[in-house]
Amino acid sequence: MFRSVFVKYISAFMLINIISILLSTTIITTLVNIYDENNKTRTLGNIVYTVSDYIVTDYWSSGKTSFSDYLNNSVVLLKPVLDAMVASVDDVVLFISDGEGAVKLVGGSEKSRDYTGEDGIIDEGDDVRYPDGIVEQLEKLTGSEKISVNSTLDGFFEEKHRICIRPIFAVDGRLVGSVMATTSNTDMDELLESMIRTMVMSSLWLMLAALIAVYFITERLVSPLRSMSMAAREFAGGNFDVRVPENGNDEVAELAVAFNNMASTLQHSEDTRRLFLANISHDLRTPMTTISGFIDMILQGTIPKEKVPHYLEVIRSEILRLSRLVSSLLDLTKIEAGERKFNKVPMDICEMGRQIIIASEKRLEEKQLDVQFDADRDNMYVNADVDAIHQVLYNLCDNAIKFSKPGGKYILSIHETGGKITVSVFNEGDGISPEDLPYVFDRFYKSDKSRGLDKTGTGLGLYISRIIIEAHDEQIRVESEYGQWCRFSFSLPKASAPRTKGGEGES
87 MFRSVFVKYI SAFMLINIIS ILLSTTIITT LVNIYDENNK TRTLGNIVYT
137 VSDYIVTDYW SSGKTSFSDY LNNSVVLLKP VLDAMVASVD DVVLFISDGE
187 GAVKLVGGSE KSRDYTGEDG IIDEGDDVRY PDGIVEQLEK LTGSEKISVN
237 STLDGFFEEK HRICIRPIFA VDGRLVGSVM ATTSNTDMDE LLESMIRTMV
287 MSSLWLMLAA LIAVYFITER LVSPLRSMSM AAREFAGGNF DVRVPENGND
337 EVAELAVAFN NMASTLQHSE DTRRLFLANI SHDLRTPMTT ISGFIDMILQ
387 GTIPKEKVPH YLEVIRSEIL RLSRLVSSLL DLTKIEAGER KFNKVPMDIC
437 EMGRQIIIAS EKRLEEKQLD VQFDADRDNM YVNADVDAIH QVLYNLCDNA
487 IKFSKPGGKY ILSIHETGGK ITVSVFNEGD GISPEDLPYV FDRFYKSDKS
537 RGLDKTGTGL GLYISRIIIE AHDEQIRVES EYGQWCRFSF SLPKASAPRT
587 KGGEGES
């Protein structure tokens, strides 16, 4: 897992970094080239205009009719003047040619010596001239126009130069000469090469730092995931005792907390399931053993005839106990499978409560409980399934009697609150411990794990009650002060009283 995540992260980062380098390098070199090109074009243009204007003025004032004769006679005087004009600009070379493109004078920077002798004058034996195509282009221009290119000038230069050429015309419009200012691109190429080298080296160091950072970040991210993966395999094997470290307060830490909470819930469910199976096994085996033993004794005649009715009553009680257990299991199966349908009709919840109290009168008297029935009105109607709500209310009342202390209070309350009817069953007794309180409505839960008080319960009653109330889109709650009291409450939607033949119903 670590290798996979690490490779994905570092590959993504390196891809982004490489793309960023290429884009930034392209953008920077393009901008620098454009700036350099514009700057050199502007500088060279200013130089050729200044030099050509000076030469034209000097040519016309010299009285010479031939521009070539003018150049041949004035070359020694023009050379220092031209050098002075471009002295403030580095790496610029000036070429002065006649009308046929033959270069007569070269001045400017030290590089001008590459084309002439030390004096900057073209010897008579040398033939340095522009390509024919350049002369043809100059003839098509006017005196105020110029040629600006980045070229080798058809092989005139070995490498590309930034070039600016302005023609010089006679009074009759003939091309008699030109002024060309050039500068090489070597300095800019070296600058760009240095910039690219710096960016590449910086990116390599950045990639190295990122590699180290991503390694540790990935390790920190993957380590808890690896622990969760190992824990999940333990869960699959039935071991729910494993927990993962909860370090930090980020999303991974939240996931670890949720994972551990899930593990605790699974462990509790597994413990409850095992306890339930043990209880069910006990509840099935005990009555069946009792029934089998007593029937064998009756058949063998070891029980006196006068005591047979008593033992038959015991057998009947155990059969009823088995019936309740099987009925609860069937109920649970139907509810969870969605096979049990609830027929909601208006029903009198107060009358149902009174009937349950009357049906439990014998048990209430045996414990000498202080029974109270507290309702806002004699008749209060709710919209619910009659049989299902009877099952819920009977289960809560039965539990309250079962776990009440002798002589304690037993209160059934029915009140209207906010358009709903709230039913509460209160009893004084041991209550429910804070540790057990969150699990009261869980499937298979039994607070009396010793089975000392609850010998008939299956641990399904409250779970089934919760499912029934939730099917009515309502809630069931429990409150308890351990060792003192316990109160179960549930709400139901209020309904109007059903109409009778004699008149209007009451609400």
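Residue numbers for the sequence shown follow this note's numbering, so the first one is 87 and each next one is one higher. Ideal Cβ placement from N, Cα and C applies to all residues, glycine included.
Which residue from the options puts its Cα closest to that of residue i?
{"i": "residue 559", "options": "107, 121 and 430", "result": "430"}
{"i": "residue 162", "options": "191, 379 and 393", "result": "191"}
{"i": "residue 455", "options": "470, 483, 150 and 476", "result": "483"}
{"i": "residue 384", "options": "397, 351 and 291", "result": "397"}
{"i": "residue 473", "options": "496, 322, 442 and 452", "result": "442"}
{"i": "residue 525", "options": "471, 492, 353 and 584", "result": "353"}
{"i": "residue 324", "options": "297, 557, 499 and 355", "result": "355"}
{"i": "residue 120", "options": "312, 278, 367 and 410", "result": "278"}
{"i": "residue 450", "options": "227, 491 and 561", "result": "491"}
{"i": "residue 289", "options": "578, 103 and 147", "result": "103"}
{"i": "residue 499", "options": "242, 392 and 462", "result": "462"}
{"i": "residue 551", "options": "271, 291 and 418", "result": "418"}
{"i": "residue 373", "options": "351, 358, 405 and 382", "result": "405"}
{"i": "residue 557", "options": "547, 424, 336 and 375", "result": "424"}
{"i": "residue 271", "options": "176, 193 and 258", "result": "176"}
{"i": "residue 411", "options": "387, 444, 363 and 390", "result": "363"}
What do you reckon, are the CB atoms on residue i and residue j nearer than 8 Å?
{"i": "residue 576", "j": "residue 478", "result": "yes"}
{"i": "residue 249", "j": "residue 237", "result": "yes"}
{"i": "residue 574", "j": "residue 510", "result": "yes"}
{"i": "residue 266", "j": "residue 251", "result": "yes"}
{"i": "residue 507", "j": "residue 466", "result": "yes"}
{"i": "residue 269", "j": "residue 134", "result": "no"}
{"i": "residue 69", "j": "residue 571", "result": "Outside the displayed span of the chain (87 to 593) sits residue 69, for which this structure offers no information."}
{"i": "residue 601", "j": "residue 262", "result": "The structure shown does not extend to residue 601, since the chain is modelled only from 87 through 593, so no value can be given for it."}
{"i": "residue 464", "j": "residue 436", "result": "yes"}
{"i": "residue 433", "j": "residue 470", "result": "yes"}
{"i": "residue 496", "j": "residue 527", "result": "no"}
{"i": "residue 285", "j": "residue 111", "result": "yes"}
{"i": "residue 516", "j": "residue 569", "result": "yes"}
{"i": "residue 107", "j": "residue 281", "result": "no"}
{"i": "residue 168", "j": "residue 142", "result": "no"}
{"i": "residue 184", "j": "residue 157", "result": "yes"}
{"i": "residue 189", "j": "residue 214", "result": "yes"}
{"i": "residue 165", "j": "residue 193", "result": "yes"}
{"i": "residue 242", "j": "residue 216", "result": "yes"}
So, for residue i: in the same chain, excluding its five sequence neighbours on each side, which residues have a beta-carbon less than 7 Å away from its beta-carbon?
{"i": "residue 346", "result": "329, 330 and 332"}
{"i": "residue 505", "result": "580"}
{"i": "residue 99", "result": "296 and 300"}
{"i": "residue 565", "result": "573"}
{"i": "residue 101", "result": "none"}
{"i": "residue 96", "result": "297 and 300"}
{"i": "residue 326", "result": "349, 352, 353 and 356"}
Leaving aside the five residues before and after residue i along the sequence, list all residues of the same chain whose C-beta is less than 6 Å from its C-beta, in chain order.
{"i": "residue 94", "result": "none"}
{"i": "residue 401", "result": "377 and 380"}
{"i": "residue 92", "result": "304"}
{"i": "residue 221", "result": "187"}
{"i": "residue 130", "result": "250 and 267"}
{"i": "residue 537", "result": "Bear in mind that a pLDDT of 44 at residue 537, under 50, signals an unreliable position, so the number given afterwards is only what the model happens to contain. There are no such residues."}
{"i": "residue 555", "result": "562 and 576"}
Tell me which residue opens and which closes the alpha helix (DSSP H) that residue i is part of.
{"i": "residue 556", "result": "547-557"}
{"i": "residue 221", "result": "218-225"}
{"i": "residue 443", "result": "435-445"}
The beta strand (DSSP E) spanning residue i covers which residue range?
{"i": "residue 419", "result": "Where residue 419 is concerned, there is no enclosing beta strand (DSSP E), although the alpha helix (DSSP H) it sits in stretches over 394-423."}
{"i": "residue 567", "result": "562-567"}
{"i": "residue 574", "result": "571-579"}
{"i": "residue 268", "result": "261-270"}
{"i": "residue 253", "result": "247-255"}
{"i": "residue 233", "result": "233-237"}
Spatial neighbours of residue i within its chain, please: CB distance less than 8 Å, with the 5 preceding and 5 following residues excluded, ordered by chain position.
{"i": "residue 44", "result": "Coverage of the chain is limited to positions 87 through 593, which leaves residue 44 absent and any answer about it impossible."}
{"i": "residue 316", "result": "328"}
{"i": "residue 105", "result": "none"}
{"i": "residue 219", "result": "240"}
{"i": "residue 343", "result": "332"}
{"i": "residue 245", "result": "238, 270, 271 and 272"}
{"i": "residue 126", "result": "248 and 269"}
Compare the C-beta of residue i with all C-beta atoms of chain C and state if any pair is closer than 8 Å.
{"i": "residue 137", "result": "Note that chain C does not occur in the displayed structure, where there is just one protein chain."}
If we require 3 or more residues per run, which beta strand (DSSP E) segments fall completely within the stretch 451-507?
456-461, 467-471 and 495-503
Whole runs of the alpha helix (DSSP H) within the stretch 152-204, excluding any shorter than 4 residues
153-171
Kindly provide the ranges of any alpha helix (DSSP H) runs that are 4 or more residues long and lie completely inside the stretch 260-330, ordered along the chain.
272-322
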